[in-house]
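**Q** In the numbering used here, the protein residues as written are 42 to 377.
Backbone N, C-alpha and C fix where the C-beta goes; we use that ideal spot for every residue, glycine too.
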Amino acid sequence: MTNAAERVRQLVDRRGEIQNHDVATALRVSPATAHRLLQALVVGGNLQRHGKGPASRYRLRAIRRRFRLKNLDEHRVWDEVAAEIARIRPLQPDAARSLAYAASEILNNAVDHSRGRTVVVAVAFDKGGTTVTTIQDDGVGVFRRVCQDFGYATPQDAIVQLEKGKLTSDPARHSGEGLFFSSKAVTRFRLESQGIAWIVDSQVRDSGIGPSDAGRGTRVRLETVSGHVPRLEDVFASYTDPGSLRFTRTRATIKLAALGTTLVSRSEAKRLVARLTDFRNVTLDFSGIDVVGQGFCDEVFRVFARAHPKVALEPVGMNDTVAFMVARARAAAAMR
42 MTNAAERVRQ LVDRRGEIQN HDVATALRVS PATAHRLLQA LVVGGNLQRH
92 GKGPASRYRL RAIRRRFRLK NLDEHRVWDE VAAEIARIRP LQPDAARSLA
142 YAASEILNNA VDHSRGRTVV VAVAFDKGGT TVTTIQDDGV GVFRRVCQDF
192 GYATPQDAIV QLEKGKLTSD PARHSGEGLF FSSKAVTRFR LESQGIAWIV
242 DSQVRDSGIG PSDAGRGTRV RLETVSGHVP RLEDVFASYT DPGSLRFTRT
292 RATIKLAALG TTLVSRSEAK RLVARLTDFR NVTLDFSGID VVGQGFCDEV
342 FRVFARAHPK VALEPVGMND TVAFMVARAR AAAAMR
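1) Under 8 angstroms: do the region 138-145 and the region 242-253 share three or more Cβ pairs, one atom per stretch?
2) Under 7 angstroms between the Cβ atoms of V201 and A298?
3) Going straight from the alpha carbon of Q60 to that of L52, what length do you get?
4) In whole angstroms, give me the CA-to-CA distance for V352 and G157.
5) By alpha-carbon positions, which one of G86, S223, T289 and P212 ends up nearest to T174?
6) Is the Cβ-Cβ distance between V162 and A151 less than 7 angstroms?
7) So, at 6 angstroms on beta carbons, what are the nonlocal neighbours of L313 in its own chain, with the 5 sequence-adjacent residues on each side left out?
8) How far does the alpha helix (DSSP H) with D361 in it extend, from its first residue to its last?
9) Would you mind giving the Cβ-Cβ distance between K296 and G249, rounded to the nearest angstrom? I have them listed as a contact below 8 angstroms.
10) Of the residues D319, F345 and T302, which one's Cα is nearest the Cα of F327?
11) According to the neighbour-count rule (16 or more other Cβ atoms, all chains shown, within 10 Å of its Cβ), is T362 buried or exposed?
12) Rounded to the nearest angstrom, what separates E274 and W119 at their Cα positions?
13) Give the range of the beta strand (DSSP E) segment to which V160 is assigned.
Set out below in structure tokens:
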């Protein structure tokens with residue numbers, strides 16, 4: 042790519058889309074020269090043209106590929122897509138590595154678990170160094186599959202358990218780590234199916250549930266923002282015991298299990314602590330929770346804590362009201 046062409050690409054990268062006069066002004070060239078530069082990038086597959094004539098707008102070319110899931114090699118598929126990304130707008134090495142890990146894991150899940158026939162991989166380039174990768178299969182849907190395999194009642198129940206990690210219906214072939222670490226490896230992550238989305242934002246270290254227009258199948262959105270993609274090594278280190286190198290730590294976002302901002306019942310607590318015995322260190326993030334009931338806190342911080350003393354519970358993100366109720370339950374647990 043010539044220096045002038047690279048300057049045009051950088052201009053599109055900053056603004057999202059440009060017109061002929063933007064190039065002429067930025068590069069101090071004639072409109073005819075700007076047009077030739079833009080056309081060369083369109084022919085070369087770097088830009089897409091939208092509209093006709095002087096009002097035409099140019100954006101970085103989007104990628105869209107469809108694959109049959111039968112006998113699909115996820116690494117070969119991602120290598121092909123990654124090569125196209127590198128030609129259109131290269132990612133920083135750490136970001137490319139994190140995205141490759143997450144995308145390969147999501148593709149592998151589609152092959153092994155979706156019961157679908159095809160998967161579509163699409164990549165869009167937004168301004169400010171944002172790359173959005175979407176992977177969508179036509180299978181039964183991740184939340185429906187989890188509910189079927191484990192007997193959970195709702196997609197929300199499935200999300201609460203998926204967030205913890207180590208959830209797998211095929212332990213001989215899968216550790217249950219792939220989806221967990223994929224959700225932490227990119228800037229923003231969305232797992233969508235059945236009209237609901239599990240959303241993870243690594244920049245603010247938050248996780249939530251929102252609406253989605255995804256129906257059948259599973260759609261995963263992996264968003265990387267230049268300079269804001271976690272290093273893959275740091276992601277693994279955050280949840281791995283340094284001695285055994287095993288996945289022994291997790292983080293549970295309490296509001297995922299709540300209807301609103303209040304948690305009061307023992308049944309809600311039991312749903313929260315389910316499978317926490319798979320871990321040794323558990324961070325319980327109460328951000329966004331205004332009130333917790335005595336029964337809820339007693340079940341988590343006295344009943345569960347006494348029954349499983351090897352599981353260390355670390356509550357964080359508490360307001361004064363929640364902190365008081367947690368401290369009260371812990372004081373009761375300390376009494377013999």
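**A** This is what the structure gives:
1) Contact between the region 138-145 and the region 242-253 is absent, because fewer than three Cβ pairs lie under 8 angstroms.
2) For the purposes of this step, residue 201 is taken as residue 160 along the sequence shown, with counting starting at 1. For the purposes of this step, residue 298 is taken as residue 257 along the sequence shown, with counting starting at 1. For V201 and A298, yes; Cβs fall inside 7 angstroms.
3) For the purposes of this step, residue 60 is taken as residue 19 along the sequence shown, with counting starting at 1. For the purposes of this step, residue 52 is taken as residue 11 along the sequence shown, with counting starting at 1. In this model, Q60 and L52 are separated by some 10 angstroms (Cα to Cα).
4) Locating residue 352 in the sequence shown gives position 311, where the first residue counts as 1. Locating residue 157 in the sequence shown gives position 116, where the first residue counts as 1. Across the structure, V352 and G157 are spaced so that their CA atoms are roughly 38 angstroms apart.
5) Within the sequence shown, the letter at position 133 stands for residue 174. Comparing Cα positions, the closest option is S223.
6) Here residue 162 corresponds to residue number 121 of the sequence shown, with the count starting at 1. Here residue 151 corresponds to residue number 110 of the sequence shown, with the count starting at 1. Going by C-beta atoms, V162 is not nearer than 7 angstroms to A151.
7) In the sequence shown, counting from the first residue as 1, residue 313 sits at position 272. Closer than 6 angstroms at Cβ, skipping near neighbours: A298.
8) Counting from 1 along the sequence shown, the entry for residue 361 is found at position 320. First-last of the alpha helix (DSSP H) with D361: D361 to A375.
9) In the sequence shown, residue 296 corresponds to position 255, counting from 1. In the sequence shown, residue 249 corresponds to position 208, counting from 1. Indeed, because the Cβ distance is near 7 angstroms, the residues count as touching under 8 angstroms.
10) Stepping through the sequence shown from its first residue, residue 327 is reached at position 286. F327 has its Cα closest to that of T302, out of D319, F345 and T302.
11) The residue you call residue 362 lines up with position 321 of the sequence shown. Around the beta carbon of T362, fewer than 16 other beta carbons lie within 10 angstroms, which makes this residue exposed.
12) In the sequence shown, residue 274 corresponds to position 233, counting from 1. In the sequence shown, residue 119 corresponds to position 78, counting from 1. Each residue's Cα considered, the two are about 20 angstroms apart.
13) Along the sequence shown, one-based indexing puts residue 160 at 119. The continuous beta strand (DSSP E) containing V160 extends over residues T159 to D167.
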